[in-house]
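Top to bottom, those sequences are chains A and B.
Per my numbering, the very first residue in the first sequence carries number 4; after that it's consecutive.
Per my numbering, the very first residue in the second sequence carries number 7; after that it's consecutive.
We treat Cβ as the ideally placed atom computed from N, Cα and C, and that holds for glycine.
Being a predicted model, the structure only gives us computed values, none of them experimental.
So the structure is just underneath, and the comments pick up after that.
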Amino acid sequence: MSQPADARAGLAIRQADLIRALTAHGSLPAGFDEARIHAAALSLTRKRSRAAARMWPRLSRAAGAKFGQLFAAYAESAPLPQKGGPLADGRAFARWLHERGELPEAGRLEALAVDLRYSTVGGGLIRRRWPAFKAARDTGARRFILAVRLTWIGEYWLSFPVRGGGHKGPVP
Amino acid sequence: MIPGLAPLGLGIGWRPEIALLIERRRDLGFIEVMAEDFAAAGRLPRAIEDLRERGLAIVPHGVSLSLGGAEPPDRHRLEALARTAARLGAPLVSEHIAFVRAGGLESGHLLPLPRTRDTLELVVANAREAKAALPVPLALENVATLFEWPDSEMSEAEFLTEVLERADVLLLLDLANLHANSLNFGYNPLEFIDRIPLDRIAYVHVAGGMERGGLYHDTHAHTVPPAVLELLNALASRIEVPGVMLERDERFPPDVVLGAELSAIAAALARGRSSRVAARNRARAEVTENVSTR
Numbered sequence: 004m005s006q007p008a009d010a011r012a013g014l015a016i017r018q019a020d021l022i023r024a025l026t027a028h029g030s031l032p033a034g035f036d037e038a039r040i041h042a043a044a045l046s047l048t049r050k051r052s053r054a055a056a057r058m059w060p061r062l063s064r065a066a067g068a069k070f071g072q073l074f075a076a077y078a079e080s081a082p083l084p085q086k087g088g089p090l091a092d093g094r095a096f097a098r099w100l101h102e103r104g105e106l107p108e109a110g111r112l113e114a115l116a117v118d119l120r121y122s123t124v125g126g127g128l129i130r131r132r133w134p135a136f137k138a139a140r141d142t143g144a145r146r147f148i149l150a151v152r153l154t155w156i157g158e159y160w161l162s163f164p165v166r167g168g169g170h171k172g173p174v175p
Numbered sequence: 007m008i009p010g011l012a013p014l015g016l017g018i019g020w021r022p023e024i025a026l027l028i029e030r031r032r033d034l035g036f037i038e039v040m041a042e043d044f045a046a047a048g049r050l051p052r053a054i055e056d057l058r059e060r061g062l063a064i065v066p067h068g069v070s071l072s073l074g075g076a077e078p079p080d081r082h083r084l085e086a087l088a089r090t091a092a093r094l095g096a097p098l099v100s101e102h103i104a105f106v107r108a109g110g111l112e113s114g115h116l117l118p119l120p121r122t123r124d125t126l127e128l129v130v131a132n133a134r135e136a137k138a139a140l141p142v143p144l145a146l147e148n149v150a151t152l153f154e155w156p157d158s159e160m161s162e163a164e165f166l167t168e169v170l171e172r173a174d175v176l177l178l179l180d181l182a183n184l185h186a187n188s189l190n191f192g193y194n195p196l197e198f199i200d201r202i203p204l205d206r207i208a209y210v211h212v213a214g215g216m217e218r219g220g221l222y223h224d225t226h227a228h229t230v231p232p233a234v235l236e237l238l239n240a241l242a243s244r245i246e247v248p249g250v251m252l253e254r255d256e257r258f259p260p261d262v263v264l265g266a267e268l269s270a271i272a273a274a275l276a277r278g279r280s281s282r283v284a285a286r287n288r289a290r291a292e293v294t295e296n297v298s299t300r
């Protein structure tokens, strides 16, 4: 069947304009009801925020009531990742918080766990195929964490106290 | 009733948070799973496998094909959906009459289409392509929206009917979406029901929502409003509804509350069905009376 190529090209442009308007990156396309588009944009951001919070329970608990507000600020400047869905969105949010010095410790460890399994590519997250090794300093509990993921075998987390004292025991 | 497709009965969208409720509930005929979450190869999660062994049908519900998108459906996504259907032993798969991405941008949401002749051609072509790539029948769902495109030439019912008939696909009628759109755009949902091909219904969605800022939001996070159950009752009084399921995605209430909601859905269905059967019996009795008094 012949495809109306012009119609496809025209619709692609109009649909992309609408997505930009809805995700707060673009101006309102002609003819749309501004209040309705605004309401839809708001509801999209809320939905995006809730989805990311579900995939990042420790970060969302640590951020508490501020999560929604911080996420909305992040979402305004960051389009939805193309790969990896809400998990990838939350990873980008964690990076955004980190750059502002606002990433809570629990979020940093959660990001470590995600990074062990996924690598960040331009369009989002893709699952790692090869062994990965990550290290982080947990300043709150004064410990140093080494995490290793081996293909087929599993994941190992090691925690070392730093400067005497600190916390021993299972890593959360 | 769809030829070759057994009725699904009462169902619910499977989510890990309500897995126990689903396992305990003995009157379910099917579950719907998020297709994209089950695209991996290998063994199914134990909970899903158990339900399958119990004889429940499992319907993968896709949200990423973007059949209303300007681009033809992505080969890899279609192949993944076909594999998922085979992996689940699904009797059918469902998707939406909507677009989710354009020009490399993901919206993260099912967005409405401009209901023009041109768009109709594209959706029909996309839906046909999807149908041809799938091993089981495809049902398409009407979506909820808070806004409309300015240049729509057809009503929602008209556009939906044309897509279904010309692409020759089944209908997943979402009564909560219909309720939402009828409130937000001021039309009569019963007139909508009377204008669409009810014989193409594979199954029906119901869900809850809430009003915010003068608009009704289809949230899947609140109780199913009585008006949606009334629509189900009305639909069941017109046709034998082959399947109906609850969609609940967030703010899960205690199992006993959600269980009561499922029972309310079953009751609305039964009410509609019995009024249809009673009407049919009355009509038969009248015919018999007319014949005998002649």
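inquiry  = Tell me which residues of the segment 153–180 of chain B have at least one Cβ-Cβ distance to chain A shorter than 8 Å, keeping chain order.
reply    = Residues PHE153, GLU154, TRP155, PRO156, ASP157.
task = Can you have a look at PHE136(A) and say buried or exposed, based on whether 16 or more other CB atoms are within 10 angstroms of its CB?
result = Counting from 1 along the first sequence, the entry for residue 136(A) is found at position 133. Flag for PHE136(A) reads exposed.
inquiry  = Check whether chain B comes within 7 Å of GLN72(A), counting only Cβ atoms and requiring the distance to be less than that.
reply    = In the first sequence, the residue the question calls residue 72(A) occupies position 69. No, GLN72(A) lies away from the interface with chain B (no Cβ there is under 7 Å from its Cβ).
task = Jot down the residue ranges of each uninterrupted alpha helix (DSSP H) in the segment 102–141 of chain B, minimum 4 residues, whole runs only, in chain order.
result = 123–139
ask   = Does the beta-carbon distance from HIS115(B) to GLU147(B) come in below 7 Å?
value = In the second sequence, counting from the first residue as 1, residue 115(B) sits at position 109. In the second sequence, counting from the first residue as 1, residue 147(B) sits at position 141. Taking 7 Å as the Cβ cut-off, HIS115(B) and GLU147(B) do not qualify as a contacting pair.
query = List, in order along the chain, the chain B residues whose C-beta lies closer than 7 Å to that of GLY143(A)?
reply = As a working note, residue 143(A) is residue 140 in the first sequence. Ordered by position in chain B, no residue passes the 7 Å Cβ test against GLY143(A), which lies about 29 Å from the chain.
Sequence ranges, beta strand (DSSP E) only - wholly within the segment 24–94 of chain B, length at least 3 = Whole beta strand (DSSP E) segments, 3+ residues: 36–40, 63–67.
task = Determine the direct distance from the alpha carbon of LEU57(B) to that of GLY35(B), and round the result to whole angstroms.
result = Taking the second sequence and counting its residues from 1, the one referred to as residue 35(B) is at position 29. Taking the second sequence and counting its residues from 1, the one referred to as residue 57(B) is at position 51. Those two C-alpha atoms are separated by around 10 Å.
query = If you follow the alpha helix (DSSP H) that VAL263(B) is part of, which residue opens it and which one closes it?
reply = The residue labelled residue 263(B) in the question sits at position 257 within the second sequence. Where VAL263(B) is concerned, the enclosing alpha helix (DSSP H) stretches over 261–299.
query = In terms of residues, what are the limits of the alpha helix (DSSP H) holding GLU168(B)?
reply = As a first step, residue 168(B) must be located in the second sequence, where it is residue number 162. Element bounds for GLU168(B): 162–173.
inquiry  = Can you tell me whether SER269(B) is buried or exposed? The criterion is at least 16 other CB atoms within 10 Å of its CB, across all chains shown.
reply    = Counting from 1 along the second sequence, the entry for residue 269(B) is found at position 263. Exposed, by the Cβ-count rule.
query = Do VAL39(B) and PHE74(B) come within 7 Å of each other at the CB atom, strictly closer than that value?
reply = Counting from 1 along the second sequence, the entry for residue 74(B) is found at position 68. Counting from 1 along the second sequence, the entry for residue 39(B) is found at position 33. According to the sequence shown, residue 74(B) is Gly rather than Phe. The answer is no: Cβ separation not under 7 Å.
task = Have a look at GLY149(A) and ARG94(A) and give me their C-alpha separation to the nearest angstrom.
result = Working through the first sequence from its first residue, we reach residue 149(A) at position 146. Working through the first sequence from its first residue, we reach residue 94(A) at position 91. One detail in the question is off: residue 149(A) reads as Leu in this sequence, not Gly. When rounded, the distance between both Cα atoms is 20 Å.
Under 8 Å by beta carbon: chain A residues contacting SER188(B) = Numbered from its first residue, the second sequence carries residue 188(B) at position 182. Simply none; closest approach about 16 Å.
ask   = What's the gap between the Cα of GLY224(B) and the Cα of VAL234(B)?
value = Taking the second sequence and counting its residues from 1, the one referred to as residue 224(B) is at position 218. Taking the second sequence and counting its residues from 1, the one referred to as residue 234(B) is at position 228. According to the sequence displayed, residue 224(B) carries Asp and not Gly. ASP224(B) and VAL234(B): Cα-Cα distance of roughly 11 Å.
task = Determine the direct distance from the alpha carbon of PRO84(A) to that of THR48(A), and round the result to whole angstroms.
result = Along the first sequence, one-based indexing puts residue 48(A) at 45. Along the first sequence, one-based indexing puts residue 84(A) at 81. Roughly 14 Å separates the two Cα atoms.
Residues that GLY109(B) contacts on chain A, provided the C-beta gap is smaller than 9 Å = As a first step, residue 109(B) is located in the second sequence; it is residue number 103 there, counting from the start. Per Cβ cutoff of 9 Å: ALA15, ILE16, GLN18, ALA19, ASP20, ILE22, ARG23.
key: Residues that MET251(B) bridges to, as DSSP identifies them   = The sequence position of residue 251(B) within the second sequence is 245, counting from 1. Looking at the DSSP assignment, MET251(B) forms a beta bridge with GLY17(B), HIS211(B).
request  = Could you name the residues of chain A that HIS223(B) contacts, counting a contact when the two beta carbons are closer than 7 Å?
outcome  = Stepping through the second sequence from its first residue, residue 223(B) is reached at position 217. What HIS223(B) touches in chain A: SER46.
request  = Starting from THR26(A), follow the alpha helix (DSSP H) in both directions and report where the run begins and ends.
outcome  = Along the first sequence, read from residue 1 onward, the residue named residue 26(A) stands at position 23. Counting along the chain, THR26(A) falls outside any alpha helix (DSSP H), and DSSP gives it neither H nor E.
key: Cβ neighbour criterion (16 or more within 10 Å) applied to ASP200(B)   = To locate residue 200(B), count along the second sequence from 1; it is residue 194. With fewer than 16 Cβ atoms within 10 Å of its Cβ, ASP200(B) is classed as exposed.
message = Tell me which residues share the same chain as ARG172(B) and place their Cβ nearer than 6 Å to its Cβ, disregarding the 5 neighbours each side in the sequence.
response = Here the question's residue 172(B) lines up with position 166 in the second sequence. Excluding positions up to five away in sequence, the list reads VAL130.
query = Who does PRO164(A) pair with in a DSSP beta bridge?
reply = Along the first sequence, one-based indexing puts residue 164(A) at 161. Paired residue(s): ARG146(A).
task = Could you tell me if ASN183(B) is buried or exposed, where buried requires 16 or more neighbouring beta carbons within 10 angstroms of its beta carbon?
result = If you number the second sequence from 1, residue 183(B) lands on position 177. With 16 or more other Cβ atoms within 10 Å, it is buried.
ask   = Is ALA289(B) buried or exposed, if buried means 16 or more other CB atoms sit within 10 Å of its CB?
value = The count along the second sequence starts at 1 and reaches residue 289(B) at position 283. The residue in question, ALA289(B), is exposed, as its Cβ has fewer than 16 Cβ neighbours within 10 Å.
query = What is the DSSP secondary structure of ILE156(A), reduced to helix, strand or coil?
reply = Looking up residue 156(A) in the first sequence gives position 153. Residue state, collapsed to three classes: coil.
ask   = Given LEU106(A), which residues of its chain have a CB within under 7 Å of its CB, disregarding the five upstream and five downstream residues?
value = One-based indexing of the first sequence puts residue 106(A) at position 103. Only ALA97, LEU100 meet the Cβ criterion.
query = Distance, Cα to Cα, HIS170(A) vs ARG145(A)?
reply = Looking up residue 170(A) in the first sequence gives position 167. Looking up residue 145(A) in the first sequence gives position 142. Caution applies to HIS170(A), whose pLDDT of 47 falls short of 50 and renders its modelled position unreliable; the value that the coordinates give is listed next. Spanning the two alpha carbons is a distance of roughly 7 Å.
query = Hey, out of SER161(B), PHE191(B), GLU236(B), HIS228(B), whose CA is closest to ILE202(B)'s CA?
reply = Counting from 1 along the second sequence, the entry for residue 202(B) is found at position 196. For ILE202(B), the closest C-alpha among the options SER161(B), PHE191(B), GLU236(B), HIS228(B) is that of SER161(B).
query = Is it right to say GLY19(B) is buried, meaning 16 or more other beta carbons lie within 10 angstroms of its own, or is it exposed?
reply = As a working mapping, residue 19(B) is identified with position 13 in the second sequence. GLY19(B) comes out buried.
task = Count the other C-beta atoms from every protein chain shown that fall within 10 angstroms of the C-beta of ASN296(B), then say buried if there are 16 or more, exposed otherwise.
result = One-based indexing of the second sequence puts residue 296(B) at position 290. Result: exposed.
ask   = Where ARG81(B) and LEU161(A) are concerned, what is the direct C-alpha to C-alpha distance, given to the nearest angstrom?
value = Residue mapping note: residue 81(B) aligns to position 75 of the second sequence, counting from 1. Residue mapping note: residue 161(A) aligns to position 158 of the first sequence, counting from 1. Spanning the two alpha carbons is a distance of roughly 43 Å.
query = Does any C-beta atom of chain A lie closer than 7 Å to the C-beta of HIS115(B)?
reply = By 1-based counting over the second sequence, the position of residue 115(B) is 109. Yes, its Cβ sits closer than 7 Å to a Cβ of chain A.
inquiry  = Am I right that PRO120(B) and SER72(B) are in contact with their C-beta atoms under 8 Å? What's the rounded C-beta distance?
reply    = Taking the second sequence and counting its residues from 1, one reaches residue 120(B) at position 114. Taking the second sequence and counting its residues from 1, one reaches residue 72(B) at position 66. Rounded, the Cβ-Cβ distance is 15 Å, inconsistent with contact.
request  = Could you tell me which chain B residues have their CB closer than 9 Å to the CB of ILE40(A), listed as they occur along the chain?
outcome  = One-based indexing of the first sequence puts residue 40(A) at position 37. Result: LEU152, PHE153.
ask   = Bridge partners of LEU128(A), per DSSP?
value = The residue given as residue 128(A) occupies position 125 in the first sequence. In DSSP, LEU128(A) forms a bridge with THR123(A).
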